[in-house]
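For the sequence shown, counting from 1, position 32 maps to 44 in the working numbering; every step adds exactly one. Positions of the beta carbon are idealized from the N, C-alpha and C atoms, including for glycine. Since we're looking at a predicted model, the values are computed, not measured. A short write-up of the structure that comes next.
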Amino acid sequence: MYRIIDRVFDGTVLSVQPFRFGRCFSIIFEILGIEELLEKFASVVIGIVYSLILSAFTRRILVHKGKIIFGVMDLLAMVLEGSEAELNEQQAIDYAIALSLSEQDRKGKKSIDKQLARAQTKEDEHFAKAQLEDDEQLAKALQESMYMESPPRCETGNIFQPYPFNFPSEYRICARCNTEIGRGEFLTCMGAEWHPECFRCHACNRPITDGEFSISDNRSYHKLCFKKQRHPKCEVCKSFIPANSEGVIPYREHRFWKNKYCPSHEHDGTPRCCSCERMEPRDTRYLLLDDGRKLCLECLDSAIMDTHECQPLYLEIQEFYEGLNMKVEQQVPMLLVERQALNEAMEGEKNGHHHLSEIRGLCLSEVQTVPTISRRPRIGADHQFIDMRTEPCRLIRRCEVTAILVLYGLPRLLTGVILAHEMMHAWLKLKGYRNLSPEVEEGICQVLAFMWLESELYTASGIDFVSSTSSSSPFTSSKKGKRSDFEKRCGEFFKHHIELDASPAYGDGFRTGRQAVDKYGLKNTLDHIRLTGSFP
13 MYRIIDRVFD
23 GTVLSVQPFR
33 FGRCFSIIFE
43 ILGIEELLEK
53 FASVVIGIVY
63 SLILSAFTRR
73 ILVHKGKIIF
83 GVMDLLAMVL
93 EGSEAELNEQ
103 QAIDYAIALS
113 LSEQDRKGKK
123 SIDKQLARAQ
133 TKEDEHFAKA
143 QLEDDEQLAK
153 ALQESMYMES
163 PPRCETGNIF
173 QPYPFNFPSE
183 YRICARCNTE
193 IGRGEFLTCM
203 GAEWHPECFR
213 CHACNRPITD
223 GEFSISDNRS
233 YHKLCFKKQR
243 HPKCEVCKSF
253 IPANSEGVIP
263 YREHRFWKNK
273 YCPSHEHDGT
283 PRCCSCERME
293 PRDTRYLLLD
303 DGRKLCLECL
313 DSAIMDTHEC
323 QPLYLEIQEF
333 YEGLNMKVEQ
343 QVPMLLVERQ
353 ALNEAMEGEK
363 NGHHHLSEIR
373 GLCLSEVQTV
383 PTISRRPRIG
393 ADHQFIDMRT
403 EPCRLIRRCE
413 VTAILVLYGL
423 PRLLTGVILA
433 HEMMHAWLKL
443 KGYRNLSPEV
453 EEGICQVLAF
463 MWLESELYTA
473 SGIDFVSSTS
483 SSSPFTSSKK
493 GKRSDFEKRC
503 GEFFKHHIEL
513 DASPAYGDGF
523 RTGRQAVDKY
533 GLKNTLDHIR
543 LTGSFP
């Protein structure tokens with residue numbers, strides 16, 4: 013018997029778990045009906061179990077896919093030799109092994125099923141909790157949207173708060189990238205849904221992550237970006253113009269230059285350029301003239317500062333009148349003077365070219381003595397003109413026109429406009445136009461000044477206007493060749509000012525006279541004025 017046992021365990025038994033091994037033999041013996049054998053060989057069975065345990069730890073173990081593979085056929089054949097059992101040896105072994113494995117599998121399957129059931133229950137609870145929280149958040153956001161205040165006024169931009177949501181969404185499309193917004197966080201604002209990274213500032217193109225944002229022209233902005241880009245900034249103090257208590261930003265804007273500035277600068281003594289009317293910025297110094305006027309550096313580039321320098325321009329104006337068959341037969345003196353001298357000469361004259369409340373030109377028609385500028389002043393270290401020399405000049409009356417006086421220190425185009433205006437006064441006096449109303453006389457003089465200015469601007473653009481002889485002057489061509497963009501822009505400003513002048517004489521008179529000239533021509537209009545004293 014012990015030799016048989018040695019044969020069984022001599023490397024031929026391929027181990028399984030010990031309890032399975034014992035159960036296999038019990039089932040085999042029960043099936044074969046040889047329970048007496050167990051009693052007789054109890055000691056042998058104990059030895060077998062002991063040897064099995066020993067073999068499980070000391071000998072090589074072989075398990076293939078959870079099934080026991082071993083060569084105990086010889087043992088069964090020897091032990092069960094002569095048995096008349098209904099089942100053969102192989103069937104008994106296979107049945108025992110299958111029964112043992114199926115029982116263990118059932119236990120394992122039940123354990124796995126329990127774990128899966130617990131996991132599913134936890135997942136359902138978590139999902140239900142998340143669903144409840146998201147529903148509450150959605151309800152809160154919808155309630156807040158129903159009670160939103162009206163947007164602020166457009167001057168400051170509309171400020172809103174985006175509403176973030178995070179719940180199982182329906183089918184939504186991002187308003188920026190046009191792709192589906194899946195499960196997760198998104199923003200709803202401006203009547204659309206957005207990925208958080210797609211809701212961006214129109215100015216800097218960065219995502220808007222702040223609690224508030226501004227809207228202008230259906231575009232979103234960071235509050236700071238909107239302020240930098242859209243909030244009006246004062247051209248004088250370079251600060252953002254503050255809003256008043258009602259949230260409105262009050263500011264002033266030049267009707268031509270479109271420069272915005274604080275209303276307070278109209279009353280705090282901020283100086284303006286005497287030519288272009290722009291206010292002096294805090295970080296820029298305008299040039300101070302001797303008569304107290306200030307001139308910006310851009311207008312200074314083309315400014316005419318003395319009588320001698322203005323003579324070529326005066327000749328050009330005379331040529332312009334000759335081209336219109338309106339030659340001034342008398343040689344009328346032309347002088348550039350300071351503001352004080354012009355005001356003194358104005359006291360005895362009724363015909364003067366006014367700009368706002370300031371006189372800029374005058375056509376004298378009686379004998380007077382006025383100081384004229386004989387030498388161009390120099391610019392001192394303090395941005396002031398110095399060393400300007402004046403001398404008295406006695407003006408002798410010839411016919412009815414004594415002289416034409418023009419304010420010094422103005423840009424070339426503006427000086428030419430004043431000269432053309434005063435030249436028309438001289439022409440009317442010399443041609444015998446008497447007792448004209450201010451609207452008619454100043455109006456037709458403004459028409460001629462406007463025509464000269466247009467000829468200058470159009471000729472500089474390569475367009476022939478009225479006088480072909482005006483472009484033959486060497487001074488004119490050189491000046492036109494060097495005309496800067498600002499000077500051209502300034503010429504448009506002078507046109508704009510003439511067209512929109514609100515005064516009855518200069519504004520209404522110009523518009524009526526221009527309409528008459530456009531309809532009937534210049535010559536017919538002048539003939540009608542001579543006969544009737546009014547525009548046709």
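Give me the Cα-Cα distance between residue i and residue j, rounded to the nearest whole angstrom.
i: Pro345; j: Leu376; result: 10 Å
i: Lys507; j: His540; result: 26 Å
i: Leu325; j: Ala432; result: 10 Å
i: Gly196; j: Arg184; result: 11 Å
i: Pro548; j: Leu534; result: 11 Å
i: Ser276; j: Ile261; result: 13 Å
i: Phe252; j: Arg501; result: 27 Å
i: Asp280; j: Lys250; result: 16 Å
i: Gly421; j: Met317; result: 5 Å
i: Ser228; j: Arg294; result: 30 Å
i: His207; j: Asp222; result: 15 Å
i: Ala517; j: Ser232; result: 50 Å
Once the 5 residues before and after residue i are set aside, which same chain residues still bring their CB inside 6 Å of it?
i: His320; result: none
i: Leu154; result: For Leu154, the pLDDT reaches just 48, beneath the cut-off of 50, and the residue's location in the model is therefore unreliable, although a value from the coordinates is still provided. Around Leu154: no qualifying Cβ.
i: Arg71; result: In this prediction, Arg71 scores a pLDDT of 41, lower than 50, which makes its location untrustworthy; the coordinate-derived value is nonetheless stated afterwards. Answer for Arg71: no residue qualifies.
i: His243; result: Phe252
i: Cys189; result: Cys210
Helix, strand or coil for residue i per DSSP?
i: Ala97; result: Only weak support exists for where Ala97 lies, its pLDDT of 45 falling under 50; the value from the coordinates is given anyway. Three-state DSSP puts Ala97 in coil, outside helix and strand.
i: Lys141; result: helix
i: Pro548; result: coil
i: Leu301; result: coil
i: Pro283; result: coil
i: Ser467; result: helix
i: Lys245; result: strand
i: Arg218; result: coil
i: Lys500; result: helix
i: Thr384; result: strand
i: Met346; result: strand
i: Arg372; result: strand
i: Leu307; result: strand
i: Leu538; result: helix
i: Arg212; result: strand
i: Arg523; result: helix
Can you name the residues that DSSP bridges to residue i?
i: Cys186; result: Glu205
i: Tyr273; result: Arg264
i: Ile193; result: Arg184
i: Leu336; result: Leu336 pairs with nothing; no bridge assigned.
i: Met291; result: Arg284
i: Ala255; result: Per DSSP, none; premise fails for Ala255.
i: Ile316; result: Leu422
i: Leu417; result: Leu347 and Leu374
I'd like the list of long-range same chain contacts for residue i, defined as Cβ closer than 8 Å, with 5 residues on each side in sequence excluded.
i: Pro283; result: Met291, Glu292, Tyr298 and Lys306
i: Ile430; result: His365, Arg372, Gly373, Val418, Leu419, Leu422 and Ala461
i: Tyr445; result: Glu453, Ile541 and Arg542
Can you tell me whether residue i is buried or exposed, with buried defined as 16 or more other CB within 10 angstroms of its CB?
i: Arg424; result: buried
i: Lys441; result: buried
i: Gln352; result: exposed
i: Cys457; result: buried
i: Thr296; result: exposed
i: Glu247; result: buried
i: Ser257; result: exposed
i: Leu417; result: buried
i: Thr427; result: buried
i: Ser467; result: buried
Leaving out five residues on either side along the sequence, give the residues of the same chain with a beta carbon under 7 Å from the beta carbon of residue i.
i: Phe268; result: Phe505 and His508
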